[in-house]
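In the working numbering, the protein residues as written are 378 to 862.
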């Protein structure tokens, strides 16, 4: 009987998911393995060969073998980048001039220094791998996509950054032509919005539309963080999901093809405007695959989609899996939205399809529950008012995005009436700012909490157990949940 169970066939999609799980394990494990040479392509060859054999006869008994095959492939891919990054070991402590491209928008740290993330690096005519973290007190106008040359002492890196340079001197800033067109369009439209809407409401509205959190005033940014509302003003899946759903539903009655095309255009435009950060890489890939499945009438199981997207993003850039908080939070939030939220909706409300407000609140609460352990582990704090703040603000975010967009368009078409056109958006955004500021000012708004890794395991085990219980009670098919619907 036991042998028959092991010979039970597994659907090929789950075999691919298990392979992807192994790839994730392998890439992440490379970070913590020392003294072992994994760079050899033999690891890749062995992994591919083993998987092809198991895919030919996808039995339950081959599940551990498939995971092992994926792990070998992940070890090979991760070791390639790890070997390349060893070049920085001999640069630590050396004062040098490094040239690179500004990978993300420049922001300010707590010391009022500009923070620049440089990629496509070179020094003394030699290319350097990875992305480094640089701070400078220079007032030079530096934007995403610029080529800059900076001089300073190379220091140890942190997180996904193999090296850092603090208080660097800006030698040269060069803005290529035509440069980052998507960033230019974004800034051009943001200026139009600021003509119609006063600050800080304008920055909040721009944050909703394009996830440009770094334009927010520090005081408002802190208020949103304490209130548990930061997720709505960062370039993430939440902003993208709202836009994609709006685009798809808006043309659905006209044509399925036009509906899919408009949503796909929205995905490509949003990712281009915000940049390929770890969270946006995940969000764009998941939204694109979900849209593709919807268009062809197919269904992805969320776990399969989750593991596939994680493996693809790590194969493209293994450093995402090496202590990148944005990547970790992005995938845990996705698990909350696609797994916890639909199970909870079915368990508590039955077969009745959720309306827009209930769906938005349910997905957000689920995402916060699943990301809670990581956030507390990293920051040592959690928000006591996050649920209330989200209830008061979140259902109005789609409307705020629409009104902000109308204000920007109105400012371009009828500049003389810009302030009048922007008044509805300004009023609504002011309400949201007032809520965030008031709730964050309460003495009990947040609590300090220190937890350990074993408590993290217990928390996620409890979440998994709750999901299994709700699934067994409701018999809900998770394949029916689609991000773009």
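Quick reminder that beta carbons are idealized off the backbone N, C-alpha and C, glycines included.
Candidates the options: which alpha carbon is nearest residue i's?
{"i": "residue 706", "options": "751, 773 and 857", "result": "751"}
{"i": "residue 646", "options": "632, 621 and 669", "result": "621"}
{"i": "residue 538", "options": "458, 850 and 781", "result": "458"}
{"i": "residue 818", "options": "404, 795, 761 and 827", "result": "761"}
{"i": "residue 423", "options": "684, 443, 804 and 578", "result": "443"}
{"i": "residue 468", "options": "487, 532 and 409", "result": "532"}
{"i": "residue 826", "options": "788, 759, 773 and 789", "result": "759"}
{"i": "residue 835", "options": "764, 766 and 749", "result": "749"}
{"i": "residue 466", "options": "534, 685 and 708", "result": "534"}
{"i": "residue 802", "options": "545, 786 and 838", "result": "786"}
{"i": "residue 780", "options": "394, 536, 454 and 585", "result": "585"}
{"i": "residue 454", "options": "623, 608 and 690", "result": "690"}
{"i": "residue 776", "options": "696, 619 and 392", "result": "619"}
{"i": "residue 796", "options": "629, 579, 492 and 451", "result": "579"}
{"i": "residue 566", "options": "816, 815 and 783", "result": "783"}
{"i": "residue 400", "options": "546, 447, 623 and 789", "result": "447"}
{"i": "residue 543", "options": "572, 577, 512 and 516", "result": "512"}
{"i": "residue 617", "options": "664, 536, 496 and 429", "result": "664"}
{"i": "residue 463", "options": "507, 788 and 798", "result": "507"}
{"i": "residue 813", "options": "771, 846, 788 and 789", "result": "771"}
{"i": "residue 389", "options": "495, 829 and 678", "result": "678"}
Do you know offhand how far residue i's Cα is from residue j's?
{"i": "residue 435", "j": "residue 557", "result": "46 Å"}
{"i": "residue 560", "j": "residue 587", "result": "10 Å"}
{"i": "residue 575", "j": "residue 505", "result": "43 Å"}
{"i": "residue 702", "j": "residue 734", "result": "29 Å"}
{"i": "residue 806", "j": "residue 581", "result": "7 Å"}
{"i": "residue 848", "j": "residue 471", "result": "57 Å"}
{"i": "residue 420", "j": "residue 449", "result": "5 Å"}
{"i": "residue 485", "j": "residue 668", "result": "36 Å"}
{"i": "residue 461", "j": "residue 528", "result": "22 Å"}
{"i": "residue 570", "j": "residue 403", "result": "46 Å"}
{"i": "residue 833", "j": "residue 794", "result": "54 Å"}
{"i": "residue 854", "j": "residue 768", "result": "28 Å"}
{"i": "residue 479", "j": "residue 490", "result": "16 Å"}
{"i": "residue 851", "j": "residue 725", "result": "10 Å"}
{"i": "residue 672", "j": "residue 714", "result": "21 Å"}
{"i": "residue 728", "j": "residue 739", "result": "15 Å"}
{"i": "residue 418", "j": "residue 692", "result": "15 Å"}
{"i": "residue 792", "j": "residue 583", "result": "18 Å"}
{"i": "residue 685", "j": "residue 804", "result": "42 Å"}
{"i": "residue 723", "j": "residue 857", "result": "12 Å"}
{"i": "residue 554", "j": "residue 518", "result": "16 Å"}
{"i": "residue 383", "j": "residue 433", "result": "The predicted model places residue 383 with a pLDDT of 48, which falls under 50 and marks its position as unreliable, so this point remains unresolved."}
{"i": "residue 717", "j": "residue 604", "result": "22 Å"}
{"i": "residue 379", "j": "residue 837", "result": "The predicted model places residue 379 with a pLDDT of 40, which falls under 50 and marks its position as unreliable; any figure quoted below should be read in that light. Each residue's Cα considered, the two are about 30 Å apart."}
{"i": "residue 593", "j": "residue 642", "result": "27 Å"}
{"i": "residue 743", "j": "residue 710", "result": "8 Å"}
{"i": "residue 808", "j": "residue 820", "result": "21 Å"}
{"i": "residue 730", "j": "residue 831", "result": "37 Å"}
{"i": "residue 577", "j": "residue 595", "result": "11 Å"}
{"i": "residue 572", "j": "residue 488", "result": "30 Å"}
For my contact list, residue i and residue j are in at a C-beta cut-off of 8 Å; report their separation, rounded to the angstrom.
{"i": "residue 526", "j": "residue 474", "result": "6 Å"}
{"i": "residue 606", "j": "residue 810", "result": "Actually they do not touch by this definition, with Cβ atoms about 10 Å apart."}
{"i": "residue 563", "j": "residue 523", "result": "At roughly 15 Å, the Cβ-Cβ gap does not stay under 8 Å, so residue 563 and residue 523 are not in contact."}
{"i": "residue 745", "j": "residue 763", "result": "6 Å"}
{"i": "residue 395", "j": "residue 440", "result": "6 Å"}
{"i": "residue 866", "j": "residue 774", "result": "Only positions 378 to 862 of the chain appear in the structure, and residue 866 is not among them; the question remains open."}
{"i": "residue 407", "j": "residue 456", "result": "5 Å"}
{"i": "residue 624", "j": "residue 640", "result": "5 Å"}
{"i": "residue 498", "j": "residue 477", "result": "4 Å"}
What is the residue span of the beta strand (DSSP E) that residue i lies within?
{"i": "residue 551", "result": "546-551"}
{"i": "residue 541", "result": "538-542"}
{"i": "residue 566", "result": "Element bounds for residue 566: not the beta strand (DSSP E) but the alpha helix (DSSP H), 558-573."}
Which residues mark the beginning and the end of the alpha helix (DSSP H) in which residue i is found?
{"i": "residue 426", "result": "419-433"}
{"i": "residue 458", "result": "440-462"}
{"i": "residue 681", "result": "679-693"}
{"i": "residue 825", "result": "Counting along the chain, residue 825 falls outside any alpha helix (DSSP H), though it belongs to the beta strand (DSSP E) covering 823-825."}
{"i": "residue 402", "result": "389-407"}
{"i": "residue 794", "result": "Unbroken run through residue 794: none, as it is neither H nor E."}
{"i": "residue 812", "result": "800-817"}
{"i": "residue 602", "result": "595-603"}
{"i": "residue 467", "result": "Premise fails: residue 467 is in no alpha helix (DSSP H) and is neither H nor E."}
{"i": "residue 852", "result": "That residue, residue 852, is in no alpha helix (DSSP H); it is neither H nor E in DSSP."}
{"i": "residue 707", "result": "702-712"}
{"i": "residue 584", "result": "578-587"}
{"i": "residue 723", "result": "718-726"}
Is the Cβ of residue i closer than 8 Å to any Cβ of chain B?
{"i": "residue 509", "result": "Judged by its chain identifiers, the structure shown contains no chain B, having just a single protein chain."}
Fully enclosed by the segment 480-532, which beta strand (DSSP E) runs are 3 residues long or longer? 491-500, 503-505 and 509-513, all fully within the segment 480-532.
Can you check the segment 621-652 for any beta strand (DSSP E) of at least 3 residues that lies completely inside it and give the ranges in chain order? DSSP runs (the beta strand (DSSP E)) wholly in the segment 621-652: none.
Enumerate, from N- to C-terminal direction, the unbroken alpha helix (DSSP H) stretches of 4 or more residues contained entirely within the segment 757-797. 763-770 and 774-790, all fully within the segment 757-797.
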